[in-house]
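To start, the structure itself, in structure tokens.
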Amino acid sequence: YAVRRDGERGGLALTVPSGTDYVVSVETWRPDSARAGRIRQGLSAPFVPRDVPAVSDLLLAPAEGPLPERLDDLIDALHARSVFAPGDTVRVAWEVHGLGWRPEQLGYRVEVRENAGGFFSRLGRSLGVVGDRRGQDLDWTEAGPETPGPLFRAVDVVIPRDFEDGRFTLRLEVSSVGRSALVTEREIEVRGRAQRR
Numbered sequence: 042y043a044v045r046r047d048g049e050r051g052g053l054a055l056t057v058p059s060g061t062d063y064v065v066s067v068e069t070w071r072p073d074s075a076r077a078g079r080i081r082q083g084l085s086a087p088f089v090p091r092d093v094p095a096v097s098d099l100l101l102a103p104a105e106g107p108l109p110e111r112l113d114d115l116i117d118a119l120h121a122r123s124v125f126a127p128g129d130t131v132r133v134a135w136e137v138h139g140l141g142w143r144p145e146q147l148g149y150r151v152e153v154r155e156n157a158g159g160f161f162s163r164l165g166r167s168l169g170v171v172g173d174r175r176g177q178d179l180d181w182t183e184a185g186p187e188t189p190g191p192l193f194r195a196v197d198v199v200i201p202r203d204f205e206d207g208r209f210t211l212r213l214e215v216s217s218v219g220r221s222a223l224v225t226e227r228e229i230e231v232r233g234r235a236q237r238r
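To convert, note that position 13 of the sequence shown is 54 in the numbering used here; the numbers rise steadily by one, no gaps.
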């Protein structure tokens, strides 16, 4: 597949069969500056049996316009950037697969929490002297899909203005009665507090 376009950003979505491993190669070329680059990444797409839910990685995009209803509506806006300033709003998206074989209620929880830190930070937290820096958690419940297929969701998350610079974990938990909870996480970095004071 080849994508040809002008500009700094772009996206391509491919649907591939599960149950195998792939090598994804992205190449870029700018004839006007005689520059080129390539990156290759291994991708595992394990087979997931029907009625066994699985959650995708968390996808990040700028929070612009209304929330998308399909992954295809978000593809061109996705970016690998995981650095945000306090007060930034980031769009977080994911897909849940393996649902729709039976009626069920799904519970969601999205949270931003501080990473463990060094030895003294962990010790201080265990003694109750130092608390975790956490954002406001988002919790909601909704009916699962009525038919099998990927279930796409997206929310906008605000990085709290009082967060100091550091590394945090963006965490999603999807739960349903009678099933193990699905958890996916992505590390983000908060940087730029000094410029906002």
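Every residue gets a Cβ at the ideal spot worked out from N, C-alpha and C, and that includes glycine.
Residue burial classification, residue i (beta-carbon count within 10 angstroms, cutoff 16)
i, result
"Ala121", "exposed"
"Pro94", "buried"
"Arg194", "buried"
Distance between residue j and residue i (C-alpha atoms, nearest Å)
i, j, result
"Trp142", "Glu183", "16 Å"
"Val199", "Ala54", "27 Å"
"Leu241", "Arg76", "This structure cannot speak to residue 241, because the chain is shown only from 42 to 238."
"Asp180", "Ser74", "48 Å"
"Pro201", "Pro72", "42 Å"
For residue i, three-class secondary structure by DSSP
i, result
"Arg238", "Legend: pLDDT at Arg238 = 40, less than 50; position of this residue unreliable, no value from coordinates given."
"Ala118", "helix"
"Ser221", "coil"
"Leu99", "coil"
"Leu108", "coil"
"Asp113", "helix"
"Trp142", "coil"
"Leu232", "Note that residue 232 is Arg in the sequence shown here, rather than Leu. Coil."
Option nearest residue i by Cα separation, candidates the options
i, options, result
"Gly233", "Arg132, Pro58 and Pro127", "Pro127"
"Val57", "Asp73, Ile116 and Pro87", "Pro87"
"Asp117", "Val196, Ala104, Asp129 and Trp181", "Ala104"
"Ser221", "Gly106, Arg81 and Val96", "Val96"
"Gln82", "Trp70, Pro90, Leu119 and Val65", "Val65"
Integer Cβ distance of residue i from residue j, believed to fall under 8 Å
i, j, result
"Ile229", "Phe209", "5 Å"
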